[in-house]
Every structure is written in structure tokens, then in C-alpha cells.
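Enquirer: Everything in the sequence shown is counted per this note's numbering, starting at 725 for the first residue and increasing by one.
The structure follows.
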Amino acid sequence: MALSISTPTTSSLLPPSSQVGRWNPLARSAKPVSFILRSSPLAARAAGGNAPTSPVDEIVTELDAVAGFSEIVPDTVVFDDFERFAPTAATVSSSLLLGIAGLPNTKFKSAIDTALADGECNALEKPEDRMSCYLTKVHELLNLYNQHDVSTDRLLFKIPATWQGIEASRLLESEGIQTHLTFVYSFAQAAAAAQAGASVVQIFVGRLRDWARNHSGDPEIDEALKKGEDAGLALAKKVYAYIHRNGYKTKLMAAAIRNKQDVFSLLGIDYIIAPLKILQSLEESVTDPDVKYSYVPRLTPAIGKTYDFTEEELVKWDQLSLAAAMGPAAEELLASGLEGYANQARRVEELFGKIWPPPNV
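Structure below.
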């Protein structure tokens, strides 16, 4: 839940007066939903739904090509190469803190309590207590960022897509606070989140694929497999179509990307979170800009007009209909995610309890 996303202070999106030599994660930055990996000369053609083209003498990589269709967000704990893959966003969660804590020569600060706000809420047993906790913690974090002159429109708060999380998102969005709903593994979750006005919905494409390989009996996944479709990619396409069919403001983010083909299959989606290994592979692959290959948008707003939704899928979602529509995959993966967040938060608290405050403080 405690997630802030911002463009680094060295970004070309910022006016020169606000750029500084170091990246201060609490500095002023561009809007959090403006992820830019690089300035691509292909973006104009991509916006028109055409395959990218480029001057004859220009070397174009696969990374250049895909960046013209979707915003590419590097997925890593620590950046080793700022020049090749400039950081476009910053996130805070218990899992990331746990990863950073294991790195050598890492220095820590005493801002752990606020960073672990998501863990505290997700550990609560009663769902109604979680919702109240989400709202309280978001406002506490807003006050913290406001003390550092970071305005509300530059922040996103990540909240699990339980019914209570979705309702918290609805209330926060009504206050002008942007939310990012995560652990979305079913159409019902995504549709309810879009109806609530969530700024970003995040689907874990690879995790659904992994579940489908080892399980059966989920109606939504079984339907996709019968059509010869990948479960994760099919959900992303369906949700994208739903959002554009209804004109919701929600942006769609794809995570748990396993390979380059996943990237190609998702071109046109708002955001793709890709591991550095995949980004490196894309950057090292030079392509002919005039060969269409996979460089065409697979997801366009037009699919919202042609996608065949059932009457049940177009309902106004409430707690009961959401619970009834969530299959075993979504239930299992959501529960696993919540448990993982809570466990990681406890582990991080234990770790920092041993090293902070230092003896001389």
C-alpha cells in the first residue's frame, strides 16, 4: 500500500530549474503516471496505431520499437546502469526493503515505520480493519510527503485489490488521491477497480500463467486455455477492452513479464514492468524499423468496441458479486500475496530492529 512513484529529478520531463545532481526520492517530479524510459522517435507513429518507422541511417533496437507503444518501467531493486536504463519510478514496499537490506554496503535511515505501512494493514485479520488502516496510513504518508513539498498528484498508493482495498481506493480517489490496485488476478477485480476509479490496475501476467500450468478448475483460466490463449495475456486484453469500452480513466499495468514475447504481445498497454534482463535483450537486438514483425500495437482502444462481454461481466460490481466471480486462481494468489506482504514486513521490522538505532544514537 505504501508506494510512491515519481520521475527522477534528472528526467527530461522536469524544467531545468528543478533538476539537481542527485536523485532525491522525495523531490518534486513529474506526475506519477508519466513513466518514460526514453524519448522515442517512434512514439508519434505508435500513437496513430502504425508500425514504427525511422530514418534510414538511424539504428533502432527492439527496445526503441516497443517503447513507442507502451511506457516501459525497469523492474529492479537497485540500478547498476543509470545511463542505459534510467530509473523512471520509485516504489517502496516490504519486499523491496527486504531485498535492499540484503545488499552489501547499504546505509539505512529511520523511516522504516512509514515504509512498512502496507505490512501493518495486510496483517490485520478483519477485512473492515484493513480498509480503515489503508485510509489512515495513506493520509499519514501524504502528510509525510507534504512536509517534503511533494504534492498529492505526484504520488500513487499501492493497495491490494480485495473488496476493502477497492472501496478504500474509491474513497481516496474521490479525495483526489491516486491509487494503484495490485494483486489483480481476475476480471472481476479489475472491473471493480476500474468502476471505483483507481488510477492504475496491475495484472501479474506471468503468475497467472504459472498457476495455469500447475492447476485446473478456474473457469476464467479454463476458458482462455480452450481458446488457445495464455491466461495472463488474455486477462490483460480483456481488462484493457473493458476499460476502453466504458471510458474509465484507469491505466493498465502488466507485471511479472517472463520474456520478450510477453512484451510484444502487450504492446499498446499503458505500462509494462520488465526485468532488466529482458530490457537488455531488447536493447541489444537491432531491428529494421520498416519490418513490422511484432512491432504493432496488440492492444488498442478499438478492441473495447468489438470485445464480446457477457451480461454478467457488465454489472455494477459489489462485494457479493466480486466474491462469487473470483475463481480459485485469484483467491489463492491474492491470499498468497497478502500473506507474503505481512511476512516480509515482519522480517524487515526484525532486521531493522537489530541494526537501528545504532549504538551511538
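Glycine included, each C-beta is placed from N, C-alpha and C at the ideal position.
I need the DSSP call for V929, collapsed to helix, strand or coil.
Expert: helix
Enquirer: Label K1138 either buried or exposed according to how many other C-beta atoms from any shown protein chain fall within 10 Å of its C-beta, with 16 as the threshold for buried.
Expert: With the chain covering 725 to 1085 only, the question about residue 1138 has no answer from this structure.
Enquirer: Mapping the DSSP letters down to three states, classify Y858 as helix, strand or coil.
Expert: helix
Enquirer: Name the residue from A922, H863, L957 and I1002 whose alpha carbon lies nearest to the alpha carbon of G971.
Expert: A922
Enquirer: Just how far apart, CA to CA, sit P884 and S794?
Expert: Counting only the Cα atoms, S794 lies some 24 Å from P884.
Enquirer: Out of A998, S989, R982 and L896, state which residue places its alpha-carbon closest to the alpha-carbon of D799.
Expert: Closest by alpha carbon: A998.
Enquirer: Can you pull the DSSP bridge partners for M977?
Expert: Answer is Q926 and Y995.
Enquirer: Is the distance from the Cβ of M855 to the Cβ of Q888 below 7 Å?
Expert: yes
Enquirer: Kindly list the residues whose CB is nearer than 6 Å to the CB of R1070, restricted to its own chain and excluding five residues on each side of it in sequence; keep chain order.
Expert: Counting only residues of its own chain and dropping the five nearest sequence neighbours on each side, R1070 has no CB closer than 6 Å to any other CB.
Enquirer: If you run the structure through DSSP and keep just helix, strand and coil, what is D799?
Expert: strand
Enquirer: Over the uninterrupted beta strand (DSSP E) stretch that includes H904, give me the two end residues.
Expert: Membership of H904 in the beta strand (DSSP E) is indicated by the continuous run T903 to V908.
Enquirer: Three-state secondary structure (DSSP) at T886?
Expert: coil
Enquirer: Closer than 8 Å by C-beta to G1061: which residues in its own chain qualify, once you throw out the five before and the five after it? Chain order, please.
Expert: Contacts found: P884, T906 and F907.
Enquirer: Determine whether the beta carbon atoms of T1011 and V784 lie at a separation below 7 Å.
Expert: yes
Enquirer: Pair every Cβ in the region 935-949 with every Cβ in the region 974-985, then say whether three or more of these pairs are closer than 8 Å.
Expert: no
Enquirer: Since V790 contacts V987 with CB under 8 Å, what's their CB separation in whole angstroms?
Expert: 5 Å
Enquirer: According to DSSP, is P876 part of a helix, a strand, or is it coil?
Expert: The question names Pro, yet the displayed sequence has Thr at residue 876. Helix.
Enquirer: Is the beta carbon of I890 less than 7 Å from the beta carbon of A920?
Expert: yes
Enquirer: Between A1054 and Y909, is the Cβ-Cβ spacing less than 7 Å?
Expert: yes
Enquirer: Around the C-beta of L880, are 16 or more other C-beta atoms found within 10 angstroms, so that it is buried, or is it exposed?
Expert: buried
Enquirer: Determine which residues share a DSSP beta bridge with V1010 and list them.
Expert: T785
Enquirer: Using the Cβ count rule (16 or more neighbours within 10 Å means buried), how would you classify W1021?
Expert: Residue identity check: residue 1021 is Pro in the sequence provided, not Trp. Looking at its Cβ environment, which holds 16 or more other Cβ atoms inside 10 Å, P1021 is buried.
Enquirer: Work out the CA separation of A915 and W935 for me, nearest whole Å.
Expert: 21 Å
Enquirer: Could you check what DSSP says for N1067 in three-state terms: helix, strand or coil?
Expert: For N1067, the secondary structure class from DSSP, reduced to helix, strand or coil, is helix.
Enquirer: Give the single residue among G941, L976 and A847 whose Cα lies nearest to the Cα of V929.
Expert: L976
Enquirer: Once the 5 residues before and after P1025 are set aside, which same chain residues still bring their CB inside 7 Å of it?
Expert: Excluding positions up to five away in sequence, the list reads H968.
Enquirer: To the nearest angstrom, report how far apart L1058 and Q871 are at their CA atoms.
Expert: The alpha-carbon atoms of L1058 and Q871 are separated by roughly 34 Å.
Enquirer: Just to confirm before moving on: does the CB-CB distance between I993 and L1023 stay below 7 Å?
Expert: yes
Enquirer: Of all Cβ atoms in chain B, is any one closer than 7 Å to the Cβ of W887?
Expert: Within the model displayed, chain B is absent; a lone protein chain is all it includes.
Enquirer: Name the two residues that bound the continuous alpha helix (DSSP H) containing K950.
Expert: P943 to K950
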